[in-house]
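S.K.: Dumping the structure here so I can ask a few things about it.
Residue numbers (my numbering): 56 to 476.
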């Protein structure tokens, strides 16, 4: 039997396996802050409510730091009991409308950034997603591999495309998502991210080919995608990372190999090297680690005259760049895990507006479609699968491994057992 025929028969069996959706399922519930997740055997399967919704049968779940940091520090938990989990891969089990672009049995990646809707939490056997946030999983990738990339990609695309203004239109038929966003009616942009989305960076400040991007914290999954997209856009990339742990991987993997790797062991020396390599001209940065390293990155971008001075008073507005003068543009830093309390003069600090992905179809759809194309054509690579835990009941164990820093430079995945009809 040919490989293609075996693959076809295997896919037919998968489609038949999701033809029946049960009334109850296994789900992992958080009952309260600083508690372990509880496995519940008879939780109701979520119901589809809108014409653009799809039900996914979960096959693999990607664990993210927010899954343990939220309960430990009591944030990002809109209600109790709560179902967490931001990304998964699986099979379409049901669709709402007759005109759906998806059909039962399709292999998909679901990116659950809409954490307030418990139906969309990944820690359950059946998950609801909106059509425009689904990514087609190529048959060359496993479910485990597919569950590594969703959150990292959306984080990277929003960070570069919205906050820093990188134009993706020349990369595999991508889009200029900043221009798309600013062409929308203002009322379509969620109010709490409207300022960042519409006024975060001026048109004359947007990066061009050859500009430097500095990524502090290059081992993060989001950094894995940020580096690739920035390189594809023609930017030069500097990565600050623990070279003993991650230097060899970064320097030998052509997909993510940066122009410069700087050891994070001596932070002040790293600041000096950034300034020396870029001749003090670096204007775009991303920090994946936290407030302290974001502050160091800010120092690396600061004018010499301001490095030894106290930060400006928070009530004082930073100077505005002169329209059309790139020499007087602000520097821009995105803090993905914390931001400095007070910026230095000439530096703008950004927070990534991830809710554009799930609340604005005009942004979510082109990004999901683009990721499908990038994966199908093997233009970008997914984060490395470091290990696979077995089934929902092992998620607490996996999160404990993340708490102690065991998982770094890739993803920990949980593979679900086959769902029983």
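All C-beta atoms, glycine included, are put in the ideal place defined by N, C-alpha and C.
#1: For residue 299, which of 424, 351, 463 has the nearest alpha-carbon?
#2: Using the Cα positions of residue 175 and residue 333, report the straight-line distance between them to the nearest angstrom.
#3: Could you check what DSSP says for residue 118 in three-state terms: helix, strand or coil?
#4: Determine the direct distance from the alpha carbon of residue 471 to that of residue 115, and round the result to whole angstroms.
#5: Whose C-alpha, out of 207, 330, 232, 225, is nearest the C-alpha of residue 218?
#6: Counting beta carbon pairs with one atom in the segment 118-130 and one in the segment 452-466, are three or more of them shorter than 8 angstroms?
#7: Are the C-beta atoms of residue 431 and some chain B residue less than 9 angstroms apart?
#8: Can you tell me where the beta strand (DSSP E) holding residue 405 begins and where it ends?
#9: Rounded to whole angstroms, what's the CA-CA distance from residue 152 to residue 158? Just pull it up for me.
#10: Check this for me: beta carbons of residue 78 and residue 100, under 9 angstroms apart or not?
#11: Buried or exposed: residue 133, going by 16 or more other Cβ atoms within 10 Å of its Cβ?
#12: Please list the segments of the beta strand (DSSP E) lying wholly inside the segment 84-140, counting only runs of 3 or more residues, in order along the chain.
#13: Is it buried or exposed for residue 452, if we count other Cβ within 10 angstroms and need 16 for buried?
#14: Count Cβ pairs between the segment 163-182 and the segment 198-207 that sit closer than 8 angstroms; are there 3 or more?
#15: With a threshold of 6 angstroms on Cβ separation, who are the neighbours of residue 148 within its own chain once the five nearest residues in sequence on each side are excluded?
#16: Smallest Cα separation from residue 318: which of 357, 273, 331, 335?
#17: Taking the alpha-carbon of residue 417 as reference, which of 186, 87, 247, 88 has the nearest alpha-carbon?
#18: Contact between the segment 391-405 and the segment 349-360: three or more CB pairs below 8 angstroms?
#19: Out of 467, 295, 347, 436, state which residue places its alpha-carbon closest to the alpha-carbon of residue 19.
#20: Counting only runs that start and end within the segment 256-332, where is the alpha helix (DSSP H) found for 4 or more residues in a row?
#21: Just to confirm, is the Cβ distance from residue 387 to residue 448 under 9 angstroms?
#22: Can you have a look at residue 488 and say buried or exposed, based on whether 16 or more other CB atoms are within 10 angstroms of its CB?
#23: With respect to the beta strand (DSSP E) encompassing residue 178, which residues constitute its N-terminal and C-terminal limits?
#24: Please report the distance separating the alpha-carbon of residue 438 from that of residue 197.
#25: Which residue comes first and which comes last in the alpha helix (DSSP H) that contains residue 254?
#26: So the beta strand (DSSP E) residue 143 belongs to, where does it begin and stop?
#27: Here's a check: name, in chain order, each residue in its chain whose Cβ is nearer than 7 angstroms to the Cβ of residue 344, leaving out the five neighbours to either side.
#28: Whole angstroms is fine: what's the gap from residue 193's alpha carbon to residue 296's?
#29: With residue 386 as the anchor, note down where its beta strand (DSSP E) starts and where it stops.
#30: If the criterion is Cβ atoms closer than 9 angstroms, does the pair residue 221 and residue 408 meet it?
#31: Taking the alpha-carbon of residue 412 as reference, which of 234, 321, 245, 323 has the nearest alpha-carbon?
#32: Under a three-way DSSP split, which group does residue 238 fall into?
#33: Run through the DSSP bridge pairs and tell me what residue 444 is partnered with.
#34: If you follow the alpha helix (DSSP H) that residue 456 is part of, which residue opens it and which one closes it?
#35: Can you check which of these residues, 264, 306, 278, is closest to residue 289 by C-alpha distance?
#36: Can residue 346 and residue 396 be called in contact, C-beta distance under 9 angstroms?
M.R.: Looking at the coordinates:
#1: Walking along the chain shown from the start, residue 299 turns up at place 244. Closest by alpha carbon: 463.
#2: If you number the chain shown from 1, residue 175 lands on position 120. If you number the chain shown from 1, residue 333 lands on position 278. One C-alpha to the other measures close to 43 angstroms.
#3: For the purposes of this step, residue 118 is taken as the residue at position 63 of the chain shown. It is coil, neither helix nor strand.
#4: Locating residue 115 in the chain shown gives position 60, counting from the first residue. Locating residue 471 in the chain shown gives position 416, counting from the first residue. Roughly 6 angstroms between the two C-alpha positions.
#5: Indexing the chain shown from 1 puts residue 218 at position 163. Of the listed residues, the one whose Cα sits closest to residue 218 is 232.
#6: yes
#7: Any reference to chain B falls outside this structure, which holds one protein chain only.
#8: Along the chain shown, one-based indexing puts residue 405 at 350. Run containing residue 405: 402-405, per the beta strand (DSSP E) assignment.
#9: In the chain shown, counting from the first residue as 1, residue 152 sits at position 97. In the chain shown, counting from the first residue as 1, residue 158 sits at position 103. Cα-Cα distance, rounded: 10 angstroms.
#10: On the chain shown, residue 78 is found 23 positions in, with the first residue counted as 1. On the chain shown, residue 100 is found 45 positions in, with the first residue counted as 1. A contact, by the Cβ cut-off of 9 angstroms.
#11: Working through the chain shown from its first residue, we reach residue 133 at position 78. Classification of residue 133: exposed, given that the 10 Å Cβ count is below 16.
#12: 93-99, 108-117
#13: Here residue 452 refers to the residue found at position 397 of the chain shown. Per the 10 Å Cβ criterion, exposed.
#14: yes
#15: In the chain shown, residue 148 corresponds to position 93, counting from 1. Closer than 6 angstroms at Cβ, skipping near neighbours: 73, 76, 110, 112.
#16: Here residue 318 refers to the residue found at position 263 when the chain shown is read from its first residue. When only C-alpha atoms are compared, the closest one is 273.
#17: Within the chain shown, numbered from 1, the residue matching residue 417 stands at position 362. When only C-alpha atoms are compared, the closest one is 186.
#18: yes
#19: The first residue shown for the chain is 56 and the last is 476, placing residue 19 beyond what the model contains.
#20: 276-287, 298-307
#21: Here residue 387 corresponds to residue number 332 of the chain shown, with the count starting at 1. Here residue 448 corresponds to residue number 393 of the chain shown, with the count starting at 1. Contact annotation: residue 387 and residue 448 have beta-carbon atoms that are not nearer than 9 angstroms.
#22: Since the first residue shown for the chain is 56 and the last is 476, residue 488 is missing from the structure and cannot be characterised.
#23: Translated into positions along the chain shown, residue 178 becomes position 123. Per DSSP, residue 178 lies in no beta strand (DSSP E) segment and is marked neither H nor E.
#24: Residue mapping note: residue 438 aligns to position 383 of the chain shown, counting from 1. Residue mapping note: residue 197 aligns to position 142 of the chain shown, counting from 1. Their Cα atoms are separated by approximately 13 angstroms.
#25: Taking the first residue of the chain shown as position 1, residue 254 is located at position 199. Per DSSP, residue 254 is one residue of the alpha helix (DSSP H) stretching across 249-254.
#26: Taking the chain shown and counting its residues from 1, one reaches residue 143 at position 88. Taken as a continuous stretch (DSSP letters only), the beta strand (DSSP E) holding residue 143 covers 142-150.
#27: Taking the chain shown and counting its residues from 1, one reaches residue 344 at position 289. Closer than 7 angstroms at Cβ, skipping near neighbours: 271, 272, 392.
#28: As a working mapping, residue 193 is identified with position 138 in the chain shown. As a working mapping, residue 296 is identified with position 241 in the chain shown. Within the model, the alpha-carbon separation for residue 193 versus residue 296 is close to 31 angstroms.
#29: Taking the chain shown and counting its residues from 1, the one referred to as residue 386 is at position 331. Run containing residue 386: 386-390, per the beta strand (DSSP E) assignment.
#30: The residue labelled residue 221 in the question sits at position 166 within the chain shown. The residue labelled residue 408 in the question sits at position 353 within the chain shown. Cβ distance not < 9 angstroms, so residue 221 and residue 408 don't count as in contact.
#31: Position 357 of the chain shown, counted from the start, is the residue given in the question as residue 412. The candidate whose alpha carbon is nearest that of residue 412 is 245.
#32: Translated into the one-based positions of the chain shown, residue 238 becomes position 183. It is helical.
#33: Position 389 of the chain shown, counted from the start, is the residue given in the question as residue 444. Beta-bridge pairing links residue 444 to 469.
#34: Numbered from 1 along the chain shown, position 401 holds the residue referred to as residue 456. Residue 456 -> alpha helix (DSSP H) spans 450-458.
#35: Indexing the chain shown from 1 puts residue 289 at position 234. With distances taken between Cα atoms, residue 289 lies closest to 264.
#36: Position 291 of the chain shown, counted from the first residue, corresponds to residue 346. Position 341 of the chain shown, counted from the first residue, corresponds to residue 396. In this structure, residue 396 lies closer than 9 angstroms to residue 346 by Cβ.
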